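Number of protein chains: 2
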Amino acid sequence: MFTLQDIPSSEEIDQLAARYPDANPRAIETMLRLLRVGSDVMNLGESHFADLGISTGRFTILMLLNRKYKDGVSPSELAEGGGVSRATVTGLLDNLERDELVKREHASNDRRSIIIKITDKGLAFLDSILPTHFRRVAWLTSSLSDQEKTTLITLLGKIAQQIEQIENIPKT
Amino acid sequence: MFTLQDIPSSEEIDQLAARYPDANPRAIETMLRLLRVGSDVMNLGESHFADLGISTGRFTILMLLNRKYKDGVSPSELAEGGGVSRATVTGLLDNLERDELVKREHASNDRRSIIIKITDKGLAFLDSILPTHFRRVAWLTSSLSDQEKTTLITLLGKIAQQIEQIENIPKT
DNA sequence: ACATAATAGTTAGGAGGCTAACTTAATCTA
DNA sequence: TAGATTAAGTTAGCCTCCTAACTATTATGT
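Each protein sequence line maps, in turn, to chains A and B.
Oh and the first sequence: position 102 is 102 in the numbering used here, straight run, nothing missing.
So the mapping is simple: the numbering used here equals the position in the second sequence, first residue as 1, plus 1000.
Below you can see the structure in the form of structure tokens.
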């Protein structure tokens, strides 16, 4: 993920934005900081997972399987749930299966599809890493009050709504 | 970037977190939403830049060169400014130079280093895409008041501080 | 001053995403 | 019900990032 390391000062942003009539300096600053914090959190997770011998993708698959799919789920659903392509899921499952954290089974009703289940080893692995993982997640927001967390979620939601409506952006 | 598509409901998060003493359900929800919005914004940018024939990385390099480095800057500084490895910068510069948006020159004082300058074609390219780019950025935060933008930046800053101090996280 | 360290850029190889195309199986439709 | 379309999973090949190692040059420390 490629994100600006030193976010320009408000003055620099003002100066740049002045050259473009539709630019909004505060909008630029807001998005730069959002991207920066988002990618920092992401990288923090990646490197922590790497220490544990997995990747963010593999962790997400395991969490999806653990969460509401204890009876097994198809790779397609995992792809949809993780917001990733089916091809990517195939690769993740190859690795997870090699490590015996997950197993592939034939589906009984549809001979095209397979059913993915988390193994006992996979569940034990999750149980071994989740306490620390959740402690780290809690740490990241530990300087925010509950009220502030709610506010942050609300403001992020407003941006999410704009993303959904990006096609409606005025042309000029 | 691999981020949960459907963020679990508060109830589901509560249920999961109940099994781990140090887990904070609101923290989990906050971080999931931050990651989700961050990656959506990132993907939106990636696909827009792809339509324009560049990548986020190449765009960032051009913006760094345009911003305060009109007299040229070394690849190392670009790597630092973009928060990316020198090896990655080498590849980005190869592509940018091939498209004549950037040129490599020998440094006069240090024969190890080279100086990167944005070309007139590169400047013209930026001028052709920035109005639309900034309009899209403004759109994303257009449902937030200035006060809300400030609040969001403040809250993100608090998370950034926790990231910096991740090593100080209590062990138990 | 000269051996050792550090620095700049590149290259090689790997990881984790992606799309497009392929195989097999199920479903629709005329 | 035969033929076409759709769907599931995989494979192949690309992109962009990474780290580690290499070459060439500069800086340092005794």
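Where a beta carbon is used, it is the ideal one built from N, C-alpha and C, also for glycine.
Since the structure is predicted, the reported quantities are computational estimates derived from the model, not experimental observations.
Residues of the segment 140-163 of chain A whose Cβ lies closer than 7 Å to any Cβ of chain B, in chain order: Leu-140, Thr-141, Ser-142, Ser-143, Leu-144, Asp-146, Glu-148, Lys-149, Thr-151, Leu-152, Ile-153, Leu-155, Leu-156, Lys-158, Ile-159, Ala-160, Gln-161, Gln-162, Ile-163. Put simply, the CB of Phe-134(A) is near chain B, with a gap under 8 Å to one of its CB atoms. Arg-36(A) counts as buried, since no fewer than 16 other beta carbons sit within 10 angstroms of its beta carbon.
With fewer than 16 other CB atoms across the displayed protein chains lying within 10 angstroms of its CB, Lys-1121(B) is exposed.
The contact set of Ser-1074(B) on chain A, defined by CB atoms closer than 7 Å, is empty, because the minimum CB distance reaches about 15 Å.
Chain-order list of chain A residues neighbouring Arg-1033(B): Ile-153, Leu-156, by C-beta distance under 7 Å. The alpha-carbon of Ala-79(A) is positioned some 33 Å away from that of Glu-1167(B). The three-state reading of DSSP puts Lys-1171(B) in coil, since its state is none of H, G, I, E or B. The CB of Val-1137(B) comes closer than 8 Å to the CB of Ala-23, Asn-24, Ala-27, Ile-28, Met-31 in chain A, given here in chain order. Annotation: Asn-43(A) to Thr-56(A) spans about 10 Å, alpha carbon to alpha carbon.
Excluding residues up to 5 positions away in sequence, Leu-1062, Leu-1101 lie with their Cβ nearer than 8 Å to the Cβ of Phe-1125(B) in the same chain. Here Lys-1149(B) is buried. Its C-beta has 16 or more other C-beta atoms within 10 Å. Contact between Val-73(A) and Ile-116(A) is confirmed by a C-beta separation of about 6 Å, below the 8 Å threshold. Looking from the CA of Leu-1004(B), the closest CA among Gln-1015(B), Arg-1019(B), Leu-1034(B) belongs to Leu-1034(B). For Ile-163(A), the closest alpha carbon among the candidates Asp-1040(B), Leu-1152(B), Ile-1013(B) is that of Asp-1040(B). Rounded to whole angstroms, the gap between the alpha carbons of Pro-170(A) and Gln-161(A) is 16 Å. Pairwise C-beta distances place the segment 1124-1138 of chain B in contact with the segment 18-35 of chain A, as three or more of them are shorter than 8 Å. For Ile-13(A), the enclosing alpha helix (DSSP H) covers residues 10-17.
Ranked by Cα distance from Arg-1058(B), the first of Met-1031(B), Ile-1028(B), Leu-1092(B), Glu-1077(B) is Leu-1092(B).
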